[in-house]
């Protein structure tokens, strides 16, 4: 789990949540901050000149700063390491996340770095758009610490989309695609006649199924291991694709979760399997779907003034 910090109270506010997630998911914390090559501290009122920091001094100070949180994590029984680097914050955060298999970035929605005077809000936006892993953005809320009880634990059933929109294994790719487009969703649980989950179909699975469609005038193509001609064969190829049963491309053996499970368990499974949707079941029968988007809505709706999450989550 990658946690960017920038010496601001706002960025540090995520540490308690990050430690809790790491403890629940048995994950390792990688605390990272990026410094400039050099930095000039502006002069204070009445002073003639500011203070000049070299890159080495900044990295040394950054490591000392991060080590405080590493030690706090160790005291809580959580494995953690500090990473102090030089460069653009968003690029370095994305790089560290890319080099951390199965990672997740947990960062604040806003903050201000003394190292480079960059607003972490803009950095957060770039990380969300550029990272190849889930990014959990937590708002800064200045509130006194509280003791969490069992009643305070958020359950999957509180944020999932229900009832789930499903298909059977005999449905065609065209039928699945229409359901996704009409309902603005990116995945469909596949069920049998007794509503038992047997697989999952996601929009990303359509890409390999379409890769051999003849989109140019080259003379020969292969669609589903069958050689065909050029552009005049597109209608036949599309017809074959549209009528292909989804059981041929659906993923099987995918993780699912119960509606009474803690939401943090859903996060752990998504990180482990690098997915953004999980089917929710009760005694094996589908009752809903929980998506990463649902969790982002939960974080964003701090004041309780947002409408419910869209069906397309």
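Numbering (the working numbering), first residue to last: -11 to 301.
Even glycine gets a Cβ: it sits at the ideal position worked out from N, Cα and C.
The Cβ-Cβ distance between residue 81 and residue 115 falls below 9 Å. Three or more Cβ pairs drawn from the segment 186 to 193 and the segment 228 to 241 lie within less than 8 Å of each other, which places the two stretches in contact. DSSP, reduced to helix, strand and coil, places residue 22 within a strand of the structure shown. Its chain contains 16, 17, 18, 19, 58 as the residues whose beta carbon lies nearer than 8 Å to that of residue 69, once the 5 sequence neighbours on both sides are disregarded; these appear in chain order. Under the three-state reduction of DSSP output, residue 249 falls in the coil class, being neither helix nor strand. CA-CA distance, residue 253 to residue 13, rounds to 7 Å. Here the segment 88 to 95 lies against the segment -9 to 1, with 3 or more beta-carbon pairs under 8 Å apart. As for any alpha helix (DSSP H) of minimum length 4 sitting wholly inside the segment 65 to 97, the runs are 77 to 86, ordered along the chain.
Scanning its chain for C-beta atoms nearer than 8 Å, with the 5 sequence neighbours on each side dropped, one finds around residue 245 the residues 144, 253, 254, 257, 266, 267, 268, 269, 278, in chain order. In this structure, the straight-line span from the alpha carbon of residue 170 to that of residue 21 is close to 43 Å.
In the three-state DSSP reduction, residue 111 falls in the helix class (H, G or I). The Cβ-Cβ distance between residue 176 and residue 147 does not fall below 9 Å. Annotated three-state conformation of residue 241 is coil, per DSSP.
Residue pairing for residue 155: DSSP places it in a beta bridge opposite 178. If you draw a straight line from the Cα of residue 275 to the Cα of residue 50, it comes to about 47 Å.
By the 16-neighbour rule on beta-carbons within 10 angstroms, residue 6 is buried.
In the same chain as residue 67, and ignoring 5 residues on each side of it, the C-beta atoms closer than 6 Å to its own belong to 16, in chain order.
When C-alpha distances from residue 118 are compared across 85, 142, 89, 127, the shortest belongs to 85. Comparing C-alpha distances from residue 90 to each of 10, 3, 188, 189 shows the shortest one belongs to 10. A Cβ-Cβ separation of about 21 Å leaves residue 263 out of contact with residue 126 under the 8 Å criterion. DSSP lists 279 as the beta-bridge partner residues of residue 265. Residue environment for residue 64: exposed (fewer than 16 other C-beta atoms within 10 angstroms of its C-beta).
For a cut-off of 8 Å, the C-beta gap from residue 259 to residue 122 is around 7 Å, short enough to register as a contact.
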